[in-house]
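As structure tokens, the structure follows; a few thoughts come after it.
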Amino acid sequence: MFDGPSPAGMTGPEIPESHPRYESLLTRHRIEDGVDRGLTSKQGLIAQGRGEAFDYLLGEETIPSADDAERAAAAHLQRADHPVLSVNGNVAALVPGEIVSLAEATDADIEVNLFNRTDRRIERIAGHLRAHGAERVKGQTADGRIPGLDHERAKVDADGIESADVVLVPLEDGDRAEALGAMGKTELVVDLNPMSRSARAATVPIVDNLIRALPNVTAHAEALRGASPAELDSIIESFDADAALAAAERRIRDA
Ligand code: PTJ
Numbered sequence: 057m058f059d060g061p062s063p064a065g066m067t068g069p070e071i072p073e074s075h076p077r078y079e080s081l082l083t084r085h086r087i088e089d090g091v092d093r094g095l096t097s098k099q100g101l102i103a104q105g106r107g108e109a110f111d112y113l114l115g116e117e118t119i120p121s122a123d124d125a126e127r128a129a130a131a132h133l134q135r136a137d138h139p140v141l142s143v144n145g146n147v148a149a150l151v152p153g154e155i156v157s158l159a160e161a162t163d164a165d166i167e168v169n170l171f172n173r174t175d176r177r178i179e180r181i182a183g184h185l186r187a188h189g190a191e192r193v194k195g196q197t198a199d200g201r202i203p204g205l206d207h208e209r210a211k212v213d214a215d216g217i218e219s220a221d222v223v224l225v226p227l228e229d230g231d232r233a234e235a236l237g238a239m240g241k242t243e244l245v246v247d248l249n250p251m252s253r254s255a256r257a258a259t260v261p262i263v264d265n266l267i268r269a270l271p272n273v274t275a276h277a278e279a280l281r282g283a284s285p286a287e288l289d290s291i292i293e294s295f296d297a298d299a300a301l302a303a304a305e306r307r308i309r310d311a
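Following the working numbering from start to finish, the sequence shown increments by one per residue and tops out at 311.
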């Protein structure tokens with residue numbers, strides 16, 4: 057059963073929970089609704105379709121290597137000096153409340169950072185996140201830059217992503233994932249395609265659906281709240297990104 061909170065003000069879809077594709081249909085409804093509300097770009101619909109195909113092959117479940125990645129991501133966020141959670145139009149539509157919960161569990165900033173950037177969409181997404189309990193949402197100042205990208209796609213907040221040491225970038229495009237990596241940031245990427253450039257550029261690639269990954273990173277972060285720096289470092293060091301990507305690819309090829 058899908059047990060995530062309903063986005064505020066959304067009308068629920070008429071889908072019986074017993075339907076075998078309940079989760080997938082509910083997710084589609086949220087993305088569609090995100091487009092109608094001006095949160096998600098039309099390209100976000102295409103990205104969602106691509107993600108669904110990989111999720112189907114992964115068995116629509118969090119595989120063990122993804123759970124390891126989610127724990128390693130939680131350890132990085134708890135160990136960080138300045139963690140930032142980057143939010144785009146798909147994230148805002150699918151997991152607004154879950155982003156706020158993760159920010160609270162890890163003392164992270166939330167920043168809206170869009171591939172297809174418009175001020176109107178940034179404002180709408182920031183408002184949507186505030187309606188889900190976010191106290192402060194960055195991304196509107198745009199006084200920082202990611203080197204090596206064209207002007208619009210390079211814009212970030214100087215006191216947000218630009219100065220972060222650890223950044224969670226769900227569904228990032230490959231170019232920006234590589235450019236953030238080149239800035240020396242620890243990048244935590246959620247992407248259902250283990251062969252994508254973003255997943256390959258990540259310090260921690262999480263090959264899982266955003267709707268399962270986010271609550272699980274939060275659960276791990278809460279469990280690790282009192283952990284010592286040495287304990288967190290040992291979780292971070294024992295995570296093997298290449299092995300996690302290979303395990304996900306194996307699962308897809310064997311499906
Ligand atoms: O809101 P914007 O303007 O920032 O645009 C966001 C999108 C997602 C449209 C933009 O970043 C984009 O075009 O992304 P791509 O290059 O299509 O990449 C999306 C990746 O996310 C693909 O590899 C998909 O497999 C993956 N994906 C899609 N839905 C999910 C997902 N991964 C995890 N969970 C999902 N629900």
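Every residue, glycine too, gets a C-beta built ideally from N, C-alpha and C.
- Annotation: the stretch 202-254 contains the following complete segments of the beta strand (DSSP E) (minimum length 3 residues), in chain order: 222-226, 242-246.
- About 6 Å separates the beta carbon of L301 from that of P261, a gap short enough to meet the 8 Å contact definition.
- The continuous stretches of beta strand (DSSP E) do not include D298, which lies in the alpha helix (DSSP H) extending over residues 297-309.
- Remark: C-beta atoms of V223 and V156 do not approach each other more closely than 9 Å.
- Proximity of the beta carbon of I102 to the ligand PTJ is indicated: a heavy atom of the ligand is located closer than 8 Å.
- For L141, the three-state secondary structure derived from DSSP is strand.
- Burial of G195 is indicated by the presence of at least 16 other C-beta atoms within 10 angstroms of its C-beta.
- For A303 and P120, the gap between their C-alpha atoms comes out near 9 Å.
- Within the stretch 153-200, complete alpha helix (DSSP H) segments of at least 4 residues are found at 175-187, given in chain order.
- For I267, there is no enclosing beta strand (DSSP E); the enclosing alpha helix (DSSP H) has its first and last residue at 266-279.
- Annotation for I291: the continuous alpha helix (DSSP H) segment containing it runs 285-294.
- Nearest Cα to S219 within the set A198, T118, A277, E278: A198.
- Excluding the 5 residues flanking it on each side, A128 has same chain C-beta neighbours closer than 7 Å at V260, I291, I292, F295, in chain order.
- Here K98 is exposed. Its C-beta has fewer than 16 other C-beta atoms within 10 Å.
- Taking 9 Å as the cut-off, the beta carbon of V245 is found closer than this to the beta carbon of A257.
- Sequence-distant partners of R306 (beyond 5 residues in either direction) whose C-beta falls short of 7 Å from its own C-beta are missing from its chain.
- By the Cβ rule, the stretch 131-138 counts as touching the stretch 151-168, because three or more pairs are nearer than 8 Å.
- The ligand PTJ never approaches L301 closely enough for any of its heavy atoms to be under 8 Å from the residue's Cβ.
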